[in-house]
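Structure record follows, encoded as structure tokens.
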Amino acid sequence: MAGHFEVVDALSGGYQIRMLDGDGALAAVSVTYPTLDAVREGIALAREIAGTGLVMDRTRPIRIVPSGERAEAVPAPAAAVLPAFGRAS
Numbered sequence: 376m377a378g379h380f381e382v383v384d385a386l387s388g389g390y391q392i393r394m395l396d397g398d399g400a401l402a403a404v405s406v407t408y409p410t411l412d413a414v415r416e417g418i419a420l421a422r423e424i425a426g427t428g429l430v431m432d433r434t435r436p437i438r439i440v441p442s443g444e445r446a447e448a449v450p451a452p453a454a455a456v457l458p459a460f461g462r463a464s
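In my numbering, each number is its position in the sequence shown, counted from 1, plus 375.
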């Protein structure tokens with residue numbers, strides 16, 4: 376079974392969307408929406424992005440630091456577009 380969305384009451388008022396995988400494990404929680412109409416729009420947007428959106432890699436490269444050497448912060452790189460998951464590039 377594919378995952379699904381759950382609409383729940385937000386603690387601060389309004390509503391949130393929970394996205395669960397096929398086993399029922401929590402995959403994501405949305406921002407708080409003020410109305411159920413806004414929730415419907417949020418779900419439509421999430422479906423559109425998940426189906427067609429690019430994956431942007433904004434992680435920092437990992438630098439192995441030899442023992443005794445001081446590690447320095449590595450600046451974040453410009454975003455890189457990752458190839459589509461599950462497809463040959």
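Using N, Cα and C, we set each Cβ at its ideal position, and we do this for glycine too.
Per DSSP, D412 lies in no beta strand (DSSP E); the unbroken alpha helix (DSSP H) holding it starts and ends at 411 to 427. The C-alpha of V382 lies about 17 angstroms from the C-alpha of D398.
Contact annotation, M394 with A400: C-beta distance approximately 10 angstroms; criterion of less than 8 angstroms not satisfied.
Between the alpha carbons of T427 and I437 lies a distance of about 29 angstroms.
Under DSSP, L395 shares a beta bridge with H379, L401.
If you compare the alpha carbons of I439, S442, E444, L386 with that of P409, the shortest gap goes to L386. For V430, the enclosing beta strand (DSSP E) has its first and last residue at 430 to 432. A residue is called buried once 16 or more other Cβ atoms fall within 10 Å of its Cβ, and S442, having fewer, is exposed.
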